[in-house]
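**Student:** Pasting a structure below so you can have a look.
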Amino acid sequence: MTSVTSPLAGRVIGLSAVPDPVFSGAMVGPGTAIDPVREPSEAVAPVNGIVVSLHPHAFVVVDEEGRGVLTHLGIDTVQLGGEGFELLVSKGDTVQRGQAMVRWDPAAVEAAGKSPVSPVVALEATTESLSDVVEDGDVKAGQPLFSWK
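Counting from 1, one number per residue, gives the positions in the sequence shown under the UniProt record's numbering.
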């Protein structure tokens, strides 16, 4: 069982509310999404593991059971070309849950015309393999989002 915790503080809105059909249709995988607090913050690792993919706007951490969790900071934020994002780890690093991964400012993302809504997705998972999925309410970084069995 993998417990996935929130990489951000904000309001959980669920994947179906993400303003992007690839995420809202769970084409990337099941999970949930966070509408982050509009202040400069650090996105943290949602699980213990190895950073296998790292971009200014997104990262994947794979845990010891081989389960990859994607955190995507905002929608269409790749178009910002890394502007407003600061990487705090490197690809290949071993990280602990709650460790700062990327520093960013959701308000600046919004000011640039992009949604700061951030999907947190279980890669290569089925909807049935997730339980206790949080889809609404306020969340702090490090609080449980879902369990993956």
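All C-beta atoms in this analysis are idealised placements derived from N, C-alpha and C, irrespective of residue type, glycine included. Since this is a predicted model, take the numbers as computed values, not measurements.
Can you tell me whether L15 is helix, strand or coil according to DSSP?
**Tutor:** If DSSP states are grouped into helix, strand and coil, L15 belongs with the helices.
**Student:** Say the cut is 6 Å; is the CB of G29 nearer than that to a heavy atom of the ligand SAM?
**Tutor:** Of the ligands one can find in the structure shown there are none, so the ligand SAM has no counterpart to examine.
**Student:** Determine the closest residue to K140 out of E42, N48 and L80, with distance taken between C-alpha atoms.
**Tutor:** Residue E42 is the option with its Cα nearest to K140.
**Student:** On the DSSP bridge list, what partners appear for G84?
**Tutor:** DSSP output for G84 lists no bridge partner at all.
**Student:** For the beta strand (DSSP E) containing E110, name the first residue and the last one.
**Tutor:** Per DSSP, E110 belongs to no beta strand (DSSP E); it is in the alpha helix (DSSP H), P106 to A111.
**Student:** If you reduce the DSSP assignment to three classes, tell me which class T77 lands in.
**Tutor:** In the structure shown, T77 sits in a helix (DSSP, three-state: H, G or I).
**Student:** Between which residues of its own chain and A108 is the CB-CB distance below 6 Å, once the five residues before and five after are set aside?
**Tutor:** Taken in chain order, the residues that qualify are G84.
**Student:** Is the beta carbon of V121 closer than 7 Å to that of L145?
**Tutor:** Not closer than 7 Å, so no.
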